[in-house]
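Trainee:
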Amino acid sequence: MDQVARHSHGRGHRFNPCTAHHLSSPCDADFVPRRVHKSIRTQEFQAASSHMSVRTRFAPSPTGMLHIGGVRTALFSWLYAKRHAGTFVLRIEDTDRERSTDEATQVILDGMEWLGLSADEGPFYQTRRMDRYREVLAKFVQDGHAYRCYCTKEELAEMRSRQEAAKQKPRYDGTCRHRTEPRPGVDPVIRFANPVDGSVIVEDVIHGNVEFQNTELDDLIIARSDGTPTYNFCVVVDDMDMKITHVIRGDDHLNNTPRQINMLKALGSTPPVYAHVPMILGADGAKLSKRHGAVSVLQYREEGFLPSALLNYLVRLGWSHGDQEVFTLEEMQALFDIKDVNKSASAFNPDKLLWLNQQHIMRSTPQSLAPHLQFQFAALGVAVEDNAKLAAVAKAQQERAKTLKEMAQNSVFFFAELKGYDEKAAKKNLTAESAPVLAAVHERLSALPQWNAAAIHDAVNSVAAALNVGLGKVAQPIRVAVSGTSVSPPIDVTLEVLGRETTLLRIDAARKVALAA
RNA sequence: GCUCCCAUCGUCUAGAGGCCUAGGACACAGCCCUCUCAAGGCUGGUACGAGGGUUCGAAUCCCUCUGGGAGCGCCA
Numbered sequence: 000m001d002q003v004a005r006h007s008h009g010r011g012h013r014f015n016p017c018t019a020h021h022l023s024s025p026c027d028a029d030f031v032p033r034r035v036h037k038s039i040r041t042q043e044f045q046a047a048s049s050h051m052s053v054r055t056r057f058a059p060s061p062t063g064m065l066h067i068g069g070v071r072t073a074l075f076s077w078l079y080a081k082r083h084a085g086t087f088v089l090r091i092e093d094t095d096r097e098r099s100t101d102e103a104t105q106v107i108l109d110g111m112e113w114l115g116l117s118a119d120e121g122p123f124y125q126t127r128r129m130d131r132y133r134e135v136l137a138k139f140v141q142d143g144h145a146y147r148c149y150c151t152k153e154e155l156a157e158m159r160s161r162q163e164a165a166k167q168k169p170r171y172d173g174t175c176r177h178r179t180e181p182r183p184g185v186d187p188v189i190r191f192a193n194p195v196d197g198s199v200i201v202e203d204v205i206h207g208n209v210e211f212q213n214t215e216l217d218d219l220i221i222a223r224s225d226g227t228p229t230y231n232f233c234v235v236v237d238d239m240d241m242k243i244t245h246v247i248r249g250d251d252h253l254n255n256t257p258r259q260i261n262m263l264k265a266l267g268s269t270p271p272v273y274a275h276v277p278m279i280l281g282a283d284g285a286k287l288s289k290r291h292g293a294v295s296v297l298q299y300r301e302e303g304f305l306p307s308a309l310l311n312y313l314v315r316l317g318w319s320h321g322d323q324e325v326f327t328l329e330e331m332q333a334l335f336d337i338k339d340v341n342k343s344a345s346a347f348n349p350d351k352l353l354w355l356n357q358q359h360i361m362r363s364t365p366q367s368l369a370p371h372l373q374f375q376f377a378a379l380g381v382a383v384e385d386n387a388k389l390a391a392v393a394k395a396q397q398e399r400a401k402t403l404k405e406m407a408q409n410s411v412f413f414f415a416e417l418k419g420y421d422e423k424a425a426k427k428n429l430t431a432e433s434a435p436v437l438a439a440v441h442e443r444l445s446a447l448p449q450w451n452a453a454a455i456h457d458a459v460n461s462v463a464a465a466l467n468v469g470l471g472k473v474a475q476p477i478r479v480a481v482s483g484t485s486v487s488p489p490i491d492v493t494l495e496v497l498g499r500e501t502t503l504l505r506i507d508a509a510r511k512v513a514l515a516a
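The first sequence: position 277 = 276 (numbering that gives the first Met the number 0), numbered continuously.
1) CB-CB under 6 Å to R499, same chain, minus the five flanking residues each way: which ones, in chain order?
2) Note down, one range per segment and in chain order, each beta strand (DSSP E) of at least 3 residues found wholly within the segment 138–201.
3) Could you give the distance in angstroms between the alpha-carbon of T501 and the alpha-carbon of G317?
4) Any chance you could list the alpha helix (DSSP H) runs of at least 4 consecutive residues sitting entirely within the segment 425–454, in chain order?
5) Distance check for L368 and F347, CA to CA, integer angstroms please.
6) Who are Q323's beta bridge partners in DSSP?
7) For my contact list, Y132 and H245 are in at a C-beta cut-off of 8 Å; report their separation, rounded to the angstrom.
8) I'd like to know whether the C-beta atoms of V481 and L497 end up nearer to each other than 8 Å.
9) Return the chain-ordered list of same chain residues with a C-beta closer than 7 Å to the C-beta of N213, the five sequence neighbours on each side being excluded.
10) State the Cα-Cα distance for the pair S363 and S268, rounded to the nearest angstrom.
11) Threshold first: 4 residues or longer. Then list the alpha helix (DSSP H) segments lying entirely within the segment 371–407, N to C.
12) Look at the Cβ atom of L429, then the Cβ atom of A333, and state whether they are nearer than 8 Å.
13) Name the one or two DSSP bridge partners that H245 has.
14) Specify the secondary structure class of P488 as computed by DSSP and reduced to three states.
15) Between K342 and I247, how many whole angstroms is the CB-CB distance? I'm expecting something under 8 Å.
16) Compute the Euclidean distance between the alpha carbons of L379 and E154, then round it to the nearest angstrom.
17) Which residue or residues does DSSP assign as beta-bridge partners of K286?
18) Kindly indicate which residue of I220, L253 and V325 has the alpha-carbon position closest to the one of W354.
19) Tell me, to the nearest whole angstrom, how far the beta carbon of R443 is from that of S461; I am working on the premise that it is less than 8 Å.
20) May I have the straight-line CA-CA distance separating L89 from G121, to the nearest angstrom?
21) Quick check on DSSP: helix, strand or coil for I220?
22) Since F414 and V383 should fall inside the 8 Å C-beta cutoff, what is the C-beta to C-beta distance between them, to a whole number of angstroms?
23) Reducing DSSP to helix, strand and coil, say where F335 ends up.
24) Where do the ends of the alpha helix (DSSP H) carrying N356 lie?
25) Which of the three DSSP states is assigned to E92 in this structure?
26) List the whole-angstrom C-beta distance separating S60 from D93, where the pair is believed to meet the contact cut-off of C-beta under 8 Å.
27) Given this structure, state the Cα-to-Cα distance separating A46 from E202, to the nearest angstrom.
28) By DSSP, does D109 sit in helix, in strand, or in coil?
29) Can you name, in chain order, every residue of its own chain whose Cβ lies under 6 Å from the Cβ of M357, other than the five neighbours on each side?
30) CB-CB under 7 Å to L527, same chain, minus the five flanking residues each way: which ones, in chain order?
31) Can you list, in chain order, the residues of its chain whose CB lies under 7 Å from that of N311, leaving out five sequence neighbours each side?
32) What's the gap between the Cα of E329 and the Cα of A474?
33) Measure the C-alpha to C-alpha separation of D350 and A282 and round it to an integer number of angstroms.
34) Measure the C-alpha to C-alpha separation of S52 and F75 and round it to an integer number of angstroms.
35) Return the residue from the list W77, W113, G68 and T62 that minimises the CA-CA distance to R98.
36) Does the segment 138–153 come close enough to the segment 162–182 that 3 or more CB-CB pairs lie under 8 Å?
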């Protein structure tokens, strides 16, 4: 903590240093790995984290679209911070200026907002912290933890192919480690002088202790020849400066961790607790690609998913709580624990996401569904302002739609003129014999003193009884008449929401069509 | 190639040596309910990757193999 603090005063690029939370978190015991038998150092890192408040971070790079893989690690970090009354930090890792785009950054910001994963601090941008990185870089070189390397890209490439030919792991051989003179005409990079012997143990909450031999690690480049710092270095400086206590990220980073720990140690900082979560695979078990779910998270909003449903789906990937499948955000916050997360990768299952979305839609209040539905109608080119009617439609449809988009598509008839009838439905239900039924229904409904589902229900039933036909012979023609299709919510509810005027108009129009059939 | 990680139904998971002739969920099939579509209820099939150990006893512990993944970049 002292060392961390040392790097944190008096400079302009500081973060609101988490104002001395010295409260010890009672829940830190949760970070004891489940497979304790593997961990001999449990006591140590427990102690290391027990006297600081939890600070987690989500650190995406805006080089591609934020997709569900990223969202899940963000969710885990957010959930963990919430559970421990900690702080969730958002940091945009945009040091790769070539590939970073404003568009991707915007998707991250909008996506996080849509999902409700709000950051307690940030967003911070690495590109605005360059002075700080240069400062640490200079100190590193000065202290002998890093050195300038004058090897050219060509030489490096050659070294690499030599090593590959010899079936060795490609790595930098340390040529410039002891170079004392600059090499004219070459802009040097800066490399971290990794320890040459011993090993590093990554104490991972999910994986247990993972040991890496330092001989496997080479001297990585921490600053490019143009002086800009690279990812692994920035992460280290940022996590230290931002006092991150728990790093939760994809397990594709597990191999980077030992180097980061070495740098942290060189900086005199205590490494955070690590949790490397398994990755999400595509539905076919292959790497997640655009074909599966690797689309912008905002795509899910377009397709009519509720944020809570997407989050629910994601939290259940690699984590469970008994037999429970449906979780509210509050339940997730109360129950989720990073130490319970599985070690193995899981495949993305669109069907289950759909099912969960329906479950969440069913359990939502119609009022809360209204704005989402409005959004979907807008996408369909149907402008709807009537909030009460929107809620009424949502209520009528909420258990028969897997997505809000689907709900809107199936509900256009409530708000817009019919654009004709579904051919099959009309052929079957708008027939010569249904014309008199429709006429009778029209008559009954016009005479109804009260326009509500119960009264409509009785009226429809009485027509069926009077004509001595099954309810289906009455309800289906009405359904086609008012919705244009053979599918809708229960007919009484449908008519109530539609309103008497529209209902009668459409029934009469359909009766004429039936007559002509 | 080297290093590291992972391994229960098609998929997500439960399972920390006996409670497991392996439980739940999605999907699928059938039935029930029913004015359509749903929702809901009931029923059904399918899994411990292989081989060795340890043990009275292993899905659970150990080893090997196999399979999958990640990293090895002046990308993040």
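Just so it is clear, CB atoms sit at the ideal spot from N, CA and C, and this is done for glycine as well.
Mentor: According to the data block:
1) Your numbering for residue 499 matches position 500 in the first sequence. These residues qualify, in order along the chain: W450.
2) 145–148 and 188–191
3) For the purposes of this step, residue 501 is taken as the residue at position 502 of the first sequence. For the purposes of this step, residue 317 is taken as the residue at position 318 of the first sequence. Cα to Cα, the separation comes out at about 50 Å.
4) 433–446
5) Sequence index remark: in the first sequence, residue 347 carries index 348 (1-based). Sequence index remark: in the first sequence, residue 368 carries index 369 (1-based). Between F347 and L368, the C-alpha separation is close to 26 Å.
6) Your numbering for residue 323 matches position 324 in the first sequence. BP columns for Q323 point to H320.
7) The residue given as residue 132 occupies position 133 in the first sequence. The residue given as residue 245 occupies position 246 in the first sequence. Wrong, their Cβ atoms sit about 23 Å apart, outside the cutoff.
8) Counting from 1 along the first sequence, the entry for residue 481 is found at position 482. Counting from 1 along the first sequence, the entry for residue 497 is found at position 498. The answer is yes: Cβ separation under 8 Å.
9) Sequence index remark: in the first sequence, residue 213 carries index 214 (1-based). Answer for N213: N193, P194, V195, D196, G197, S198 and V199, listed in chain order.
10) For the purposes of this step, residue 363 is taken as residue 364 along the first sequence, with counting starting at 1. For the purposes of this step, residue 268 is taken as residue 269 along the first sequence, with counting starting at 1. Answer to the nearest angstrom: the Cα atoms are 47 Å apart.
11) 386–396
12) Mapped onto the first sequence, residue 429 falls at position 430. Mapped onto the first sequence, residue 333 falls at position 334. For L429 and A333, no; Cβs fall outside 8 Å.
13) Here residue 245 corresponds to residue number 246 of the first sequence, with the count starting at 1. Bridge partners of H245: T55 and V272.
14) By one-based count along the first sequence, residue 488 stands at place 489. Three-state result, P488: coil.
15) The residue you call residue 342 lines up with position 343 of the first sequence. The residue you call residue 247 lines up with position 248 of the first sequence. Wrong, their Cβ atoms sit about 14 Å apart, outside the cutoff.
16) On the first sequence, position 380 is the one that residue 379 refers to. On the first sequence, position 155 is the one that residue 154 refers to. Computed Cα separation, rounded: 58 Å.
17) Residue numbering aside, residue 286 sits at position 287 when the first sequence is read from its first letter. Paired residue(s): L280.
18) Here residue 354 is taken as the residue at index 355 of the first sequence, counted from 1. The shortest C-alpha separation from W354 is found at V325.
19) Translated into positions along the first sequence, residue 443 becomes position 444. Translated into positions along the first sequence, residue 461 becomes position 462. So it is a contact: roughly 7 Å between Cβ atoms.
20) Walking along the first sequence from the start, residue 89 turns up at place 90. Walking along the first sequence from the start, residue 121 turns up at place 122. For L89 and G121, the distance between alpha carbons rounds to 5 Å.
21) As a position in the first sequence, residue 220 is number 221, starting the count at 1. Three-state result, I220: strand.
22) One-based indexing of the first sequence puts residue 414 at position 415. One-based indexing of the first sequence puts residue 383 at position 384. Indeed, because the Cβ distance is near 5 Å, the residues count as touching under 8 Å.
23) Here residue 335 refers to the residue found at position 336 of the first sequence. F335: coil per DSSP, three-state reduction.
24) Position 357 of the first sequence, counted from the first residue, corresponds to residue 356. Start and end: P349 to R362.
25) Indexing the first sequence from 1 puts residue 92 at position 93. Here E92 sits in coil by DSSP.
26) Start at 1 with the first residue of the first sequence, and residue 60 comes out as number 61. Start at 1 with the first residue of the first sequence, and residue 93 comes out as number 94. Between D93 and S60 the Cβ distance is about 7 Å, and since that is below 8 Å, they are a contact.
27) Here residue 46 refers to the residue found at position 47 when the first sequence is read from its first residue. Here residue 202 refers to the residue found at position 203 when the first sequence is read from its first residue. Confidence is the limiting factor: at A46 the pLDDT is only 36, short of 50, which leaves the residue's position unreliable, though a coordinate-based value still follows. Their Cα atoms are separated by approximately 13 Å.
28) Within the first sequence, the letter at position 110 stands for residue 109. Note: D109 maps to helix in three-state DSSP.
29) Counting from one through the first sequence, the residue named residue 357 turns up at place 358. In the sequence under discussion, the amino acid at residue 357 is Gln, which differs from the Met named in the question. Only K401 meet the Cβ criterion.
30) Missing from the structure shown is residue 527; the chain here goes from 0 to 516 and no further.
31) In the first sequence, counting from the first residue as 1, residue 311 sits at position 312. V325, F326, L355 and H359.
32) Residue numbering aside, residue 329 sits at position 330 when the first sequence is read from its first letter. Residue numbering aside, residue 474 sits at position 475 when the first sequence is read from its first letter. Each residue's Cα considered, the two are about 42 Å apart.
33) The residue you call residue 350 lines up with position 351 of the first sequence. The residue you call residue 282 lines up with position 283 of the first sequence. Straight-line Cα distance between these residues: approximately 10 Å.
34) To locate residue 52, count along the first sequence from 1; it is residue 53. To locate residue 75, count along the first sequence from 1; it is residue 76. Roughly 17 Å separates the two Cα atoms.
35) The residue labelled residue 98 in the question sits at position 99 within the first sequence. Ranking W77, W113, G68 and T62 by Cα distance to R98 puts T62 first.
36) yes
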